[in-house]
Every structure is written in C-alpha cells, then in structure tokens.
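Using the UniProt record's numbering, read the sequence shown as starting at 1 and increasing by one per residue.
Structure record follows, encoded as structure tokens.
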Amino acid sequence: MSGKSLRLSFKGDKPLKKKHKKKSGASSSAGADGKGKRKADDDVSDVEDVGGDEQAWVSAERPADINGPTFLFHQASSSSTPYAISVNTTTQRVELVPCASPDLYASAINFITDADGTSAAVGAVEIVPTSVHQVFVANRQLGSDKWTFRSAEGKFLTADRVGQVSASAEARGPQEEWEVLTHTQASIVAKTLAGEDTEDIKPPPPSSALTLAGSETGAFTALYLRSMHGHFLGIDEVAGGKLVLRADADQPGAGERWEVRLQWKFRHEAREREREGGALVKKKAKGFEVASGTGTSARLADEHAYM
C-alpha cells in the first residue's frame, strides 16, 4: 500500500503547522491551577485530542456542531460496512457507497468471540471520506434550525414529497432544507405529529451507542435528518439486496440514524460562534437591552436555548 496520504483538501485550507508546547516559568502548583482555569476560561481548543491536526475528521456531537464540509454515513453495527452518501457525477444521482471495501474493512476488524458464539468488534478502520463526492458543505440557515448540504458540484441535497433524494438543484429553497435532530428531538417531533404522548421519551442508553474508529470518544452521537415534508432520511433495502437512500420514514428508526463528521477546525468554528452568541446574549441581558421576541439578541438567545 502506498504511503501517500488520502487526506482530502479543500479550497482555503492552510498548510498545517507543527504545534510546540510553551514552557512556563510558573510554579507547578500555579500550573495545575492554570490548567483548570484554561478549561474553564479559554476558548477551549480541544485540538490536542486529535493530535494537533486541525483538518482531522471528527464527529458532530450535536446539531450545533455542523458547519462547513461534512461527511454523512450510516453503519448498522460496529462490525458492518459503513455506507456514505455520495453523488454519482455520471448519473447525477445520490447514492450510498461503502466507505471502505468489504474485504479491507473485514480484515481490519478484530473480533472477540464469547462462549455463546456471539462476536463483538473491538477495532476498525478509520471512517473518513475517500472522495470529494462524499463531502457536502453544510450551511445553517440564519435564525433557524435548518441546514442545507451542497455537493462538490454545487448542487443541493434535496428530498421531494414522495421521498426521492437527489442533488440537482442549483439554488436552495424549502425542499433543500433539512432539520438535524438528536434522537430525543426526532422522537418528540414524530410523536407530536402523530398525536401520541411524548412524556415517556427518553434518550437511548449509552450502551446502545455504536463504537466506531475515528471518533475521539470511541462512540458517536446519532443524528437524524428531517426534510421539509416531515420525513426522515434513511436507508432502504430494495429487490436484490441493494441499499438506496430515501426520505420517506415517519419515525426515526435504526435505518434513519446517521453520523455526521466534519473537519475539526469547522466544528471548533461553530462552537466559537455559539459561545460568542451566548456571551452577547448575556451581555445584552445584563444591560437590559434584549427586546422580547425581536432583534438579533433575541434570535441568538432562541438559538442558544435550542442547542
């Protein structure tokens, strides 16, 4: 295998710089106190968690993290092949493609077999995009909880009323907008629309989270994409065992669960904006300048509360 890097580069990317730790002349006790203060007070850069690589692909841990070039994939279990959303430039259709060849993926996984014969994956290849056609630029619509996803060809991810998914629209409109929800949020929305009780909805237990390679914590946050027609984006198996992408599910099930990954620097940028927005709201509120339900400050407050 060639030693050439498979890293995808994007317009505007800056060359990586090696990071050097600065020596401090302060005492060890001051250093210990400073470490705690840094976590509480600084803009909290967790880039060291990814080896100092600002272009490393990391998981969106909540909808508010989504920003810039993103990569969406579905994996039924930690031992199954992950499938990414990709645009076929020949047919201009949106397809599901394996993130890695089945042979490579199977050979890279180590299994522990229990006495009862069940197996569990304990390691896997890192899941990252292998083509620019698997990357969509996510943009949050100002003052809303909706995102658009633009392909490398400049076309927007779209779902029509019957659930057909495409990426042929050159301009964004309501059909190109997607809500990105957590499991709890998605369940509440679906049950509310169905007229069902939502009081018994609880977040899935930690044990149900998949453990995937390439995630800083080992597990990822399942996110759900909902179209303007009220249906969830998911995977459907058709005749012959072929997997296709649809947006016609009424409930957020296992087939509608996605991991959204993006480069660290864009996630950090989104979190910085959220922190700055929250600080602005607090500053305005302290000065009695927040107008109820109107203006930029109120909008920021609403967004901050939603997250």
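Positions of the beta carbon are idealized from the N, C-alpha and C atoms, including for glycine.
Quick one: complete beta strand (DSSP E) runs, 3+ long, within the stretch 45-70?
Entirely contained in the stretch 45-70, the beta strand (DSSP E) runs reaching 3 residues are, in chain order, 57-59.
Given a cut-off of 8 Å, decide if GLU256 and GLY234 are closer than it, judged by their beta-carbon atoms.
In the sequence shown, residue 234 corresponds to position 234, counting from 1. In the sequence shown, residue 256 corresponds to position 256, counting from 1. Their beta carbons are under 8 Å apart, which means GLY234 touches GLU256 by this criterion.
So, with DSSP's three-state summary, where would you put residue 371?
In the structure as shown, the chain begins at 1 and stops at 307. Residue 371 is therefore absent and cannot be evaluated.
Are the Cβ atoms of residue 311 and THR221 separated by less than 8 Å?
In the structure as shown, the chain begins at 1 and stops at 307. Residue 311 is therefore absent and cannot be evaluated.
SER144: which of SER151, GLY154 and GLU177 sits nearest, CA to CA?
Taking the sequence shown and counting its residues from 1, the one referred to as residue 144 is at position 144. Answer by Cα proximity: GLU177.
Ends of the beta strand (DSSP E) at LEU262?
One-based indexing of the sequence shown puts residue 262 at position 262. Segment 259-263, the beta strand (DSSP E) holding LEU262.
Run the CB neighbour count on SER24, radius 10 Å, all protein chains shown included, and call it buried at 16 or more, exposed below.
On the sequence shown, residue 24 is found 24 positions in, with the first residue counted as 1. Low local confidence applies: a pLDDT of 45 at SER24 is under 50, so the model's placement there is unreliable, with the coordinate-based value given in what follows. So SER24 ends up on the exposed side.
Is ALA26 helix, strand or coil by DSSP?
Here residue 26 is taken as the residue at index 26 of the sequence shown, counted from 1. Because ALA26 carries a pLDDT of 43, less than 50, the predicted location of this residue cannot be relied on, and the following value inherits that uncertainty. Looking at ALA26 - three-state DSSP - the assignment turns out to be coil, as it is neither helix nor strand.
Less than 7 Å separating the Cβ of LYS155 from some heavy atom of the ligand SAM?
The model depicted lacks the ligand SAM and carries no ligand whatsoever.
CYS99 and PHE136 look like a contact to me (Cβ under 8 Å); what is the Cβ gap, rounded to whole Å?
As a working mapping, residue 99 is identified with position 99 in the sequence shown. As a working mapping, residue 136 is identified with position 136 in the sequence shown. Going by Cβ atoms, the distance from CYS99 to PHE136 rounds to 15 Å, so no, they are not a contact pair.
To the nearest angstrom, how far is it from the Cα of VAL162 to the Cα of ASP236?
Counting from one through the sequence shown, the residue named residue 162 turns up at place 162. Counting from one through the sequence shown, the residue named residue 236 turns up at place 236. Going from the Cα of VAL162 to the Cα of ASP236 covers about 14 Å.
Would you be able to state if there are at least three C-beta pairs under 8 Å between the stretch 50-60 and the stretch 82-98?
No, they do not touch.
What number of angstroms, rounded off, separates the C-alpha of GLU272 from the C-alpha of ALA159?
Indexing the sequence shown from 1 puts residue 272 at position 272. Indexing the sequence shown from 1 puts residue 159 at position 159. Their Cα atoms are separated by approximately 31 Å.
Out of PHE149, TYR224, LEU157 and LEU142, point me to the one whose CA is closest to VAL180's CA.
What you label residue 180 is simply residue 180 of the sequence shown in a count that begins at 1. Taking only the C-alpha atoms, the option nearest VAL180 is TYR224.
Would you list the one or two residues that DSSP bridges to PHE149?
Within the sequence shown, the letter at position 149 stands for residue 149. DSSP lists ALA138 as partners of PHE149.
Determine the closest residue to ALA152 out of LYS146, ILE127 and ALA169, with distance taken between C-alpha atoms.
As a working note, residue 152 is residue 152 in the sequence shown. Here the closest residue by C-alpha is ALA169.
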